[in-house]
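A.B. asks: The numbers in the numbering used here rise by one with no breaks, and the one at position 94 of the sequence shown is 115. We put the CB at the ideal spot given by N, CA and C, even for glycine.
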Amino acid sequence: MHADGSEKLRSLLQAYAERKAKAQQVTAASHAEDERQRRAGGDILRTVVRPVLEEVLAELRNAGHDATTRDHTDRDDAYPSVALSFTPRAANTPDALSSAIIFRYDPRRGIVVQRDVKPSPRRGKVVTMSGDRSGTMGVDVVSAAWVITKTLDFVEAVLKAN
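1) Any idea which residues DSSP pairs T90 with across the strands?
2) Would a C-beta distance cut-off of 7 Å place F124 and L66 closer than the cut-off?
3) Which residue's Cα is closest to the Cα of V133: S120, E28, F107 and V162?
4) What is the DSSP secondary structure of I118, reduced to helix, strand or coil?
5) With DSSP as the reference, label N183 as helix, strand or coil.
6) Three-state secondary structure (DSSP) at A79?
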């Protein structure tokens, strides 16, 4: 190869190496920021959302219903989430299905609320496995009042369906 060709090749290879090194630095910084936001979302779910769900859980149990909460805010392998599962119990609905409301962190949307309301098979309604997204809120503006509103809407929908 001629000297001009060798110099041009070295120049191309050096520019490529510099571009790739810069891209790796940007990727590492982006990953660190994504992880910081994921942890912030988990903190909001743990400190704002979970206490509200625990209060609702206690009230539901006191009224004789089955209810549980799930907290997945400390897992490193998934986006953080907190959920309330609720199965209404009454003399006329012994076979009610468990419905759930899930508050989860989504990196593109903030805190997303998804609910899955399942009616009792005795009511003659078709039971579907799909849920609906009932709200989205930025991580920095999530409040207990917003969580209460979404949770009460969910409980009302479950009680009406059963």
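C.D. replies: The short version:
1) Per the DSSP secondary-structure output, T90 pairs in a beta bridge with L105.
2) Their beta carbons are under 7 Å apart, which means F124 touches L66 by this criterion.
3) Looking only at S120, E28, F107 and V162, the smallest Cα-Cα distance to V133 is reached by V162.
4) Checking the sequence shown, residue 118 turns out to be Leu, not Ile. DSSP places L118 in coil when its eight states are reduced to three.
5) Three-state DSSP puts N183 in coil, outside helix and strand.
6) It is helical.
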